[in-house]
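**Q**
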Amino acid sequence: MPVMRGLLAPQNTFLDTIATRFDGTHSNFVLGNAQVQSLYPIVYCSDGFCELTGYARAELMQKSCACHFLYGPETSDRSTAQIQGALDDRREFKTELVFYKKEGTQFWCLLDIVPIKNEKGEVVLFLVSHKDITDKKKDQDPEQGPDTGKFMEKTVTRPPGFNANRRRSRAVLYHLSGHLQKQDKSKLKINNNMFGEKPPIPEYKVAAIQKSRFILLHYGTFKAGWDWLILLATFYVAVTVPYNVCFTVGGGRDEGSSSAPRSPPSVSDILVEILFILDILLNFRTTFVSTSGQVVYDARSICVHYVTTWLFVDLIAALPFDLLYAFNVSVYFGVHLLKTVRLLRLLRLLQKLERYSQYSAVVLTLLMSMFALLAHWMACVWYFIGRREIESPGSWDIGWLHELAKRGGGNLGGGPSMRSSYVTSLYFALSSLTSVGFGNVSANTDSEKIFSICTMLIGALMHAVVFGNVTAIIQRMYSRRSLYHTRTKDLKDFIRVHRLPKALEQRMLECFQTTWSVNNGIDVSELLKDFPDELRADIAMHLNKELLQLPLFESASRGCLRSLSLIIKTSFCAPGEFLIRQGDALQAIYFVCSGSMEVLKDNTVLAILGKGDLIGSDSLTKEQVIKTNANVKALTYCDLQYISLKGLREVLRLYPEYAQKFISEIQHDLTYNLREGHGADVTNLSEVTQKSSKMSSNLSKMTKTVFKMTQKVSQMTTAVNLSTS
Numbered sequence: 036m037p038v039m040r041g042l043l044a045p046q047n048t049f050l051d052t053i054a055t056r057f058d059g060t061h062s063n064f065v066l067g068n069a070q071v072q073s074l075y076p077i078v079y080c081s082d083g084f085c086e087l088t089g090y091a092r093a094e095l096m097q098k099s100c101a102c103h104f105l106y107g108p109e110t111s112d113r114s115t116a117q118i119q120g121a122l123d124d125r126r127e128f129k130t131e132l133v134f135y136k137k138e139g140t141q142f143w144c145l146l147d148i149v150p151i152k153n154e155k156g157e158v159v160l161f162l163v164s165h166k167d168i169t170d171k172k173k174d175q176d177p178e179q180g181p182d183t184g185k186f187m188e189k190t191v192t193r194p195p196g197f198n199a200n201r202r203r204s205r206a207v208l209y210h211l212s213g214h215l216q217k218q219d220k221s222k223l224k225i226n227n228n229m230f231g232e233k234p235p236i237p238e239y240k241v242a243a244i245q246k247s248r249f250i251l252l253h254y255g256t257f258k259a260g261w262d263w264l265i266l267l268a269t270f271y272v273a274v275t276v277p278y279n280v281c282f283t284v285g286g287g288r289d290e291g292s293s294s295a296p297r298s299p300p301s302v303s304d305i306l307v308e309i310l311f312i313l314d315i316l317l318n319f320r321t322t323f324v325s326t327s328g329q330v331v332y333d334a335r336s337i338c339v340h341y342v343t344t345w346l347f348v349d350l351i352a353a354l355p356f357d358l359l360y361a362f363n364v365s366v367y368f369g370v371h372l373l374k375t376v377r378l379l380r381l382l383r384l385l386q387k388l389e390r391y392s393q394y395s396a397v398v399l400t401l402l403m404s405m406f407a408l409l410a411h412w413m414a415c416v417w418y419f420i421g422r423r424e425i426e427s428p429g430s431w432d433i434g435w436l437h438e439l440a441k442r443g444g445g446n447l448g449g450g451p452s453m454r455s456s457y458v459t460s461l462y463f464a465l466s467s468l469t470s471v472g473f474g475n476v477s478a479n480t481d482s483e484k485i486f487s488i489c490t491m492l493i494g495a496l497m498h499a500v501v502f503g504n505v506t507a508i509i510q511r512m513y514s515r516r517s518l519y520h521t522r523t524k525d526l527k528d529f530i531r532v533h534r535l536p537k538a539l540e541q542r543m544l545e546c547f548q549t550t551w552s553v554n555n556g557i558d559v560s561e562l563l564k565d566f567p568d569e570l571r572a573d574i575a576m577h578l579n580k581e582l583l584q585l586p587l588f589e590s591a592s593r594g595c596l597r598s599l600s601l602i603i604k605t606s607f608c609a610p611g612e613f614l615i616r617q618g619d620a621l622q623a624i625y626f627v628c629s630g631s632m633e634v635l636k637d638n639t640v641l642a643i644l645g646k647g648d649l650i651g652s653d654s655l656t657k658e659q660v661i662k663t664n665a666n667v668k669a670l671t672y673c674d675l676q677y678i679s680l681k682g683l684r685e686v687l688r689l690y691p692e693y694a695q696k697f698i699s700e701i702q703h704d705l706t707y708n709l710r711e712g713h714g715a716d717v718t719n720l721s722e723v724t725q726k727s728s729k730m731s732s733n734l735s736k737m738t739k740t741v742f743k744m745t746q747k748v749s750q751m752t753t754a755v756n757l758s759t760s
């Protein structure tokens, strides 16, 4: 069953725990970072500590939690060394010493240091509590004030009430630390009863969800199935209870007798009562969503919430009236009427209707079921009125039941059969709710006429509520299709008004239809604009993960990838369309998600691009216009992702450590470089190849000529030698 799941993300509630446990006069504390050695800077200070010392929070942050700024001439060196040693050793420590406020006033301070651990057992924070005990010190020794500075070096006899006051002032701190001296435990019985025998030390960590095994999740599968079962049982009760009261019990004419005609409870009635009782027990162990959106797992809070909301309604609806039959108790007609209180379970159904608001078909079914249920109730009341009229001596022969029996040839005294009476009653109720009736079943007595008027008024209200919602639901179900037809009509009207050529019209329609099939008319940027930047970046990284997984972005930090994901856009090309034309200013780097494209220059195919190819320029650092050296044309329907050069330069400016790697790696990852001038090398190479081929052919011709001349010379030399001899 679709329900509001609530806020389920694990949270670190340490600061909230500290803030709620330290209140009133005992809120003078600071939190120090234990992971910064020797300094232990303050990461949080309470308002009470600021009031005690006279410092503002901004002045205290990042200062040492040992509170060196409170030291003065009378501050004991031994105590300060012990404080520093306790912080270095990460152990609990308490002492009394003289501190100085911002304006220079001395005061005696009871100081407690408690180490705070995380889930790994590592000390990550120090909780340092301060309490002004100057008045107690003066009461103890009027002659000894803060100026002596020797209190720590000698044993002090405390007054009888000092220990109790100190215990009260440190109750929260003991609750945080969980470490009590054995000799003091017997004296802290009040505090132990209040906070538990051994309260644990709060840990600075993400709080795990703690719930008993016997706590049910309100959004769990079992609870969803159980809610559907209770929903069916509720409909069963809503149908059978009015029918039994009006037809089975109300049909008995011996109301003046000791008891109405009995009919033993059916198995289904007993099962429904058992289900309702079990539902009450389960609701005592089912989580709920608080007003702040948090999921409440605490058993006591769940019980209190259920008792103050739906327990009374569920308890009344689950009363086992059928047990009266089992104990042979005389059942009067009024007792049967008490069963109608089970209809209060329908209030729970109205509460759950909101859960289905996003599921139009479910809401439509439930609304029509509610309308049919109302017609069933009206039919039961209509029959009950007719039965009372036929039993009345003054109007027995003019009531609608008598007229029905007379037309049907039935028993005029007892009325028509039960089946015929119910069908006719339901027919009259539906015809009165949906229209003004047809007259074949009409109201004759005053009681019947009054009920008919009420039925017509209720019918008018139901038309406004039920059928108004039905119309809205049907419109919502077809809203996306209606939007598609509206956009298509607007596009065709635009084409007709501006008299676009047929080829351009075809391209526009194909582009619109294909784009709609991909995103179903949802504008992602418009949909996500109200979400936080952090969430939008995570969504964008998921949507563009295929592009961001390229080797080009492997060395980029996560922050850089998140920034890049926010500037990635999508595009589409139909077959035959040009993505880029030669000489255009290059605006982006393109990634082919699907389809195939070709790179053309002078009608010569320089490259064929497919899924996963990257095209663009390698010159990104300079703020200059990059002209393209070729055409890029779609061969099939192509889905593209692209990063604008302007946005890319801004991201690289924010992450200079990645910019150099990007510039060096993009030269190897580009399937084809569209930068003007890069293609000139290819052109020059072809020209050189053509020239070299011409030179080779000329060289071969010269070689043949030389060879022929050599043959002639050799022949002439041979002839000369022969003539000489």
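Note that my numbering has the sequence shown beginning at 36, numbered continuously upward. Ideal Cβ positions, reconstructed from N, Cα and C, are used throughout, including at glycine.
1. Once you ignore the five residues that flank Val276 on each side, which residues in its own chain have a CB closer than 8 Å to its CB?
2. Quick check: Val149 and Glu127, are their CB atoms within less than 8 Å of each other?
3. Asp147 lies in the beta strand (DSSP E); which residues open and close that run?
4. Could you spell out the range, first to last residue, of the alpha helix (DSSP H) harbouring Gly83?
5. Could you check whether Glu711 and Lys668 sit closer than 8 Å to each other, using their CB atoms as the reference points?
6. Assuming Trp417 and Ala464 make a contact with CB atoms under 8 Å, what is their CB distance in whole Å?
7. Starting from the C-beta of Asn318, find all residues in its chain whose C-beta is less than 6 Å away, skip the five residues before and the five after it, and write them out in chain order.
8. How many whole angstroms separate the CB atoms of Met497 and Phe406, which I take to be in contact at a CB cut-off of 8 Å?
9. Buried or exposed: Val163, going by 16 or more other Cβ atoms within 10 Å of its Cβ?
10. Under a Cβ-count criterion, where at least 16 other Cβ atoms within 10 Å of its own Cβ denotes burial, should Lys524 be classed as buried or exposed?
11. Are Cys673 and Gly611 touching if we call contact CB-CB under 8 Å?
12. CB Glu700 to CB Leu587, shorter than 8 Å?
13. Measuring straight from C-alpha to C-alpha, what distance separates Phe570 and Val307?
14. So Phe282 and Met453 are supposed to be a Cβ contact under 8 Å. How far apart are they, rounded?
15. In the DSSP assignment, find the beta strand (DSSP E) that holds Asp167 and state where it starts and stops.
16. Taking the beta strand (DSSP E) that Asp349 falls in, what are its first and last residues?
17. Buried or exposed for Lys564, going by 16 or more other Cβ atoms inside 10 Å?
18. Near Thr603, what residues of its chain come up, given a Cβ to Cβ distance below 6 Å and the 5 sequence neighbours on each side ignored?
19. When the Cα atoms are used, what is the spatial distance from Arg688 to Arg516?
20. Please tell me whether Val532 and Ser598 are closer than 8 Å, where the distance is taken between their beta carbons.
21. Let me check understanding here. Comparing Cα to Cα, which of Ser470, Ala499, Trp551, Met413 lies closest to Leu518?
22. Pick from Ser247, Ala352, Ile509, Ser487: whose alpha carbon is nearest that of Ala273?
23. If you draw a straight line from the C-alpha of Thr344 to the C-alpha of Ser336, how long is it?
24. If you draw a straight line from the alpha carbon of Asp147 to that of Thr130, how long is it in whole angstroms?
25. Indicate the three-state DSSP secondary structure (helix, strand or coil) for Ser606 in the structure shown.
26. Please determine, among Gly107, Phe64, Tyr278, the residue with the shortest C-alpha to C-alpha distance to Phe161.
27. Starting from the C-beta of Cys100, find all residues in its chain whose C-beta is less than 6 Å away, skip the five residues before and the five after it, and write them out in chain order.
28. For Ile624, which residues does DSSP report across the bridge?
29. Compare the beta carbon distance of Trp143 and Ile168 with 8 Å and say whether it is the shorter of the two.
30. When the Cα atoms are used, what is the spatial distance from Asn664 to Leu562?
31. If contacts are defined as beta-carbon pairs under 8 Å, then Ser477 and Trp435 qualify, I think. What distance do you get, rounded to the angstrom?
32. Determine the DSSP secondary structure at Gln329, reduced to helix, strand or coil.
33. Can you tell which of Leu670, Ala414, Phe270, Ile488 has its C-alpha closest to the C-alpha of Leu381?
34. According to DSSP, which residues form a beta bridge with Val634?
35. By DSSP, does Gly503 sit in helix, in strand, or in coil?
36. For Ile11, name the three-state secondary structure that DSSP assigns.
**A** The structure says:
1. The answer, listed in chain order, is Lys374, Thr375, Arg377, Leu378.
2. yes
3. 141-152
4. Run containing Gly83: 82-88, per the alpha helix (DSSP H) assignment.
5. Against a cut-off of 8 Å, the Cβ pair of Glu711 and Lys668 comes out as no contact.
6. 6 Å
7. Tyr341
8. 6 Å
9. Val163 comes out buried.
10. Its Cβ having fewer than 16 others within 10 Å, Lys524 is exposed.
11. No, Cβ-Cβ distance for Cys673 and Gly611 is not below 8 Å.
12. yes
13. According to the sequence displayed, residue 570 carries Leu and not Phe. Taken atom to atom, the span from the alpha-carbon of Leu570 to that of Val307 is near 46 Å.
14. 6 Å
15. 158-167
16. Here Asp349 belongs to no beta strand (DSSP E); instead the alpha helix (DSSP H) covers 346-352.
17. exposed
18. It should be pointed out that residue 603 corresponds to Ile in this sequence rather than to Thr. Close CB contacts of Ile603 within its chain, under the 6 Å cut and outside five residues either way in sequence, are with Asn579, Gln676, Ile678 (chain order).
19. 44 Å
20. no
21. Trp551
22. Ala352
23. Distance between the alpha carbons of Thr344 and Ser336: 12 Å.
24. 7 Å
25. strand
26. Phe64
27. Val65, Gly67, Tyr75, Ile77, Phe161, Val163
28. Residue pairing for Ile624: DSSP places it in a beta bridge opposite Ile678.
29. yes
30. 38 Å
31. 7 Å
32. strand
33. Phe270
34. Ala642, Val667
35. helix
36. Residue 11 lies beyond the stretch modelled for the chain, which goes from 36 to 760, so this question has no answer here.
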